[in-house]
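Here the structure is laid out as structure tokens; the discussion comes afterwards.
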Amino acid sequence: MSVVGFDIGNENCVIGVAKQRGIDVLLNDESKRENPTVVSFGEKQRFIGSAGAASATMHPKSTISQVKRLIGRDFNEPSVQDDLRFLPFETSEGPDGGILIHLQYLNEKQTFTPVQILAMLLAHLKQITEKNLEMNIADCVIGIPSYFTALQRRAYLQAAEIAGLKPLRLMHDCTAIGLGYGIYKTDFPSKGSSNVVFVDIGHCDTQVAVVSFEPGHMKVLSHAFDSNLGGRDFDDVLFRYFAAQFKEQYKIDVYSSARASIRLRASCEKLKKVLSANAEAPLNIECLMEEKDVKGFIKREDFEKLSSELLERISVPCRKALLESGLTIEKIHTVELVGSGSRIPAITKIINSLFRKEPRRTLNASECVARGCAFQCAMVSPIFRVKEYEVQDCFPFSIGFASDEGPVCTLADGVLFPKGNPFPSTKMLTLHRNDIFHLEAFYSNRNELPSGVSTRISSFKIGPFRVSHVEKTKIKVKVHLNLHGIVTIESASLIDDHSDGSTLNNSNDNHSENVEQNNHESSDKANGAFGHEIRRLKAIRRQDIFIDENDYGGMTPDELSKAQEKELQLAQQDIKMERTKDKKNALESYVYETRNKIFSSYRSFATDSEKEGISSNLQHTEEWLYEDGEDESEIVYSKKLEDLKKMVDPIESRYNDEEARALATRNLLNC
Ligand code: ATP
Ligand code: K
Ligand code: MG
25 MSVVGFDIGN ENCVIGVAKQ RGIDVLLNDE SKRENPTVVS FGEKQRFIGS AGAASATMHP
85 KSTISQVKRL IGRDFNEPSV QDDLRFLPFE TSEGPDGGIL IHLQYLNEKQ TFTPVQILAM
145 LLAHLKQITE KNLEMNIADC VIGIPSYFTA LQRRAYLQAA EIAGLKPLRL MHDCTAIGLG
205 YGIYKTDFPS KGSSNVVFVD IGHCDTQVAV VSFEPGHMKV LSHAFDSNLG GRDFDDVLFR
265 YFAAQFKEQY KIDVYSSARA SIRLRASCEK LKKVLSANAE APLNIECLME EKDVKGFIKR
325 EDFEKLSSEL LERISVPCRK ALLESGLTIE KIHTVELVGS GSRIPAITKI INSLFRKEPR
385 RTLNASECVA RGCAFQCAMV SPIFRVKEYE VQDCFPFSIG FASDEGPVCT LADGVLFPKG
445 NPFPSTKMLT LHRNDIFHLE AFYSNRNELP SGVSTRISSF KIGPFRVSHV EKTKIKVKVH
505 LNLHGIVTIE SASLIDDHSD GSTLNNSNDN HSENVEQNNH ESSDKANGAF GHEIRRLKAI
565 RRQDIFIDEN DYGGMTPDEL SKAQEKELQL AQQDIKMERT KDKKNALESY VYETRNKIFS
625 SYRSFATDSE KEGISSNLQH TEEWLYEDGE DESEIVYSKK LEDLKKMVDP IESRYNDEEA
685 RALATRNLLN C
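Position in the sequence shown (from 1) plus 24 gives the number in the numbering used here.
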């Protein structure tokens, strides 16, 4: 068993693994530490990660990228439509309002959900990990943006299940970063806590968190984000600049050609990276469209001017996080900048002026999320022993509960977990009912969510239950905001305290709905009004009530098992094609090796006619491999190899016999 952390970025995925000495980041087959977030369907097999990126230009319409943006989203959300416009694959609205991806594969039209595509990526990362560690893995921690809704979080869990992974926790990216930072930090101030702002600028989003560190303990004070601001928006600035310039200079409209747009966008991303290290950069694309070669040029300062609006937007979540942390700017000790999107020098400047200190880059910008997740996995896994360290995260959205009779909580607007509530967390609701009832969980403040996202979470049917009298009976509902940040009802029980007939409603029991708070899973505390209740416990009859949970969106168990089956089929096809490739390669190298040997080591062990026969057979096989045998099945390649071996084996064994004899003679002489 081993423990693993995955960072699923919109552009790159990183795998961290906890080892005895610390955390390692795994290399893929191409010896890279980052795996492109790409699933590409080729002629007969899928190519994922690095291989996917390589296959993308050949199969643009069946290559899926940016899937993280599509997970748990509605097809008709405006920002989803904005994203889809840039993506070359075909999509449509699914029956549940979600997104369906259509592509051609194995001579069939195939349809996948973003969750299935994410599962393919996760399965690929799992495979890299298992190959590296030479063992099976399942336990993992996966990083997620703090702004993910319950629907998106459940989608990640389902994708993981399809891939055969078991996430012990979905962890907010910035919390993982904070853990990786705090666990190794030893130079804490002698008194009080050390407050650090983490700013993570990725490919499509910006996340900020304020974290307070003390020895052995970290506490996230606030999360803030802009879910539509990242490196790709800076690419777009360059794209629009050059598209306009080329229209004037070369009279071409890049927007009218999907292929030209993809190529210009890719070149702009490269140019942006060059500008991070240089004061100016050229752009050259051969044959961009209408057989025209284009040339452009931009200075860093002009790029910064064009990006001024984007740069200004970075300060918005930074200010918000600071405000919500309750700290003043003087209380911030350090600002750490991570995420590869933050490599633009102007970003350092804006963060510097905002927090009045030079941001630091002590963490590995592209690996820190995966490292933190791997560490967390080691902490929650029962098989690993790591140093005691407490991670306290907070939840970025307010969560409310309503029943058929209106809001159920004593807090304003039915809020049960206000924004910033530490989690995991359990709270108790007390209601009075005499029949089956419904509860509805929702995000109670639309403005806290990314724009356009649904506020619905789940509905719960509680009951049926039997009460011994017509009056309403007390029902206690235990609500849990779990380790993944998903809210659920853990239990509901009927508290029948009329059983002795003599106890009247006490003052605490005035039919108002009430809430007991219970963060960090400690047990009920018998204090204040509750103390009275505990003392009467013996007279109380407690009875568990059945809860039927209905989540908005997501897959049914039936859909999930169908998706697992489909993934298995696709994986088997990939394995089959890989094996075919191996068999073909084996045949090819056998042809070359044997040809060499026939004219060297085997030379004196074969007759002329044998040599002639083998030679011409090798020649035929080689030609066949480049023509009719280019794309054959595994069995055909194996059969060819066997036939060749039948001819060569007698010669090989004569040679081996002679070698053995020579060796024995040498040994004898040496004695
Ligand atoms: P996300 O966190 O948004 O899901 P991600 O984790 O995959 O995505 P990162 O790998 O952190 O994102 O960052 C990718 C972005 O960083 C891309 O937009 C890329 O162009 C940009 N980038 C990488 N190197 C540089 C550089 N040297 N200068 C500027 N930008 C860069
Ligand atoms: K990443
Ligand atoms: Mg990232």
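Every residue, glycine too, gets a C-beta built ideally from N, C-alpha and C.
Remember, it's a predicted structure, so these values are computed and weren't measured experimentally.
Limits of the alpha helix (DSSP H) - the one that residue i falls within
i	result
residue 304	Where residue 304 is concerned, there is no enclosing alpha helix (DSSP H), although the beta strand (DSSP E) it sits in stretches over 304-313.
residue 193	No alpha helix (DSSP H) contains residue 193, which is instead part of the beta strand (DSSP E) from 190-196.
residue 638	632-650
residue 105	102-110
residue 343	332-349
residue 220	Element bounds for residue 220: not the alpha helix (DSSP H) but the beta strand (DSSP E), 218-225.
residue 624	Run containing residue 624: none; DSSP gives neither H nor E here.
residue 398	392-404
residue 689	658-694
residue 144	138-157
residue 180	174-186
residue 373	369-379
Cβ-heavy atom distance, residue i to the ligand MN, below 8 Å
i	result
residue 363	You won't find the ligand MN in this model; what it holds is the ligand ATP, the ligand K and the ligand MG.
Where residue i sits in the DSSP three-state scheme
i	result
residue 69	coil
residue 76	helix
residue 598	helix
residue 298	helix
residue 431	strand
residue 93	helix
residue 317	strand
residue 424	strand
residue 162	coil
residue 290	helix
residue 592	helix
residue 609	helix
residue 237	strand
residue 203	helix
residue 127	strand
residue 446	strand
Close-in-space but distant-in-sequence residues of the same chain around residue i (CB under 6 Å, 5 per side omitted)
i	result
residue 572	485
residue 306	321
residue 396	200, 201, 203, 204
residue 675	626, 629, 630
residue 102	476
residue 91	138, 141, 142
Cβ-based neighbour list, residue i, same chain, cut-off 7 Å, excluding 5 preceding and 5 following
i	result
residue 227	33, 34, 35, 254, 255, 256, 365
residue 344	248
residue 287	309, 312
residue 240	412, 413, 414
Chain D contact for residue i (CB, 9 Å cutoff)
i	result
residue 579	Checking the listed chains, one finds no chain D in this structure; it contains a single protein chain.
Cut-off 8 Å between Cβ atoms - residues of its own chain near residue i, not counting five sequence neighbours on either side
i	result
residue 276	270, 284, 312, 313, 314, 316, 318
residue 584	182, 185, 186
Buried versus exposed call for residue i [16 or more other C-beta atoms within 10 Å across all chains shown]
i	result
residue 208	exposed
residue 549	Because residue 549 sits at a pLDDT of 37, beneath the cut-off of 50, its placement in the model cannot be relied upon, and the point is left open.
residue 222	buried
residue 659	exposed
residue 169	buried
residue 46	exposed
residue 603	exposed
residue 97	buried
residue 133	exposed
residue 211	exposed
Span of the beta strand (DSSP E) around residue i
i	result
residue 243	241-250
residue 266	Unbroken run through residue 266 is the alpha helix (DSSP H), 255-274; no beta strand (DSSP E).
residue 720	Any answer about residue 720 is impossible in this case: the structure gives the chain only from 25 up to 695.
residue 452	449-457
residue 29	28-32
residue 361	358-362
residue 508	Per DSSP, residue 508 belongs to no beta strand (DSSP E) and is neither H nor E.
* Asked: Okay, do the region 411-430 and the region 450-466 touch, 3+ Cβ pairs below 8 Å being the bar?
  -> Yes: the two stretches touch, three or more of their Cβ pairs being nearer than 8 Å.
Given 8 Å as the limit, is there contact between the region 107-124 and the region 77-97, that is, 3 or more CB pairs closer than that?
Verdict: yes, contact present.
**Study point:** At least three beta-carbon pairs within less than 8 Å, the region 349-357 to the region 374-391
**Key:** By the criterion of at least three beta-carbon pairs nearer than 8 Å, the region 349-357 is in contact with the region 374-391.
Exercise for review: May I ask you to verify whether the region 628-646 touches the region 602-618, counting CB pairs closer than 8 Å and requiring at least 3?
Suggested key: Cβ pair count under 8 Å is three or more, so yes.
inquiry  = Three Cβ pairs or more, each shorter than 8 Å: is that satisfied between the region 399-419 and the region 198-214?
reply    = Result yes; three or more Cβ-Cβ pairs closer than 8 Å.
Below 8 Å, can you find three or more Cβ-Cβ pairs linking the region 39-55 to the region 149-163?
The region 39-55 vs the region 149-163: in contact.
| If you pair each beta-carbon of the region 586-593 with each one of the region 642-661, do three or more pairs fall below 8 Å? | In short, these stretches do not touch, since the Cβ pair count stays below three.
**Message:** Could you check whether the region 131-148 touches the region 61-77, counting it as contact only if at least three pairs of C-beta atoms, one from each stretch, sit closer than 8 Å?
**Reply:** Contact holds: three or more Cβ-Cβ distances are below 8 Å.
Exercise. Touching or not, the region 211-219 and the region 386-396, by the rule of three or more beta carbon pairs under 8 Å?
Worked result: In this structure the region 211-219 does not touch the region 386-396; the number of beta carbon pairs closer than 8 Å is below three.
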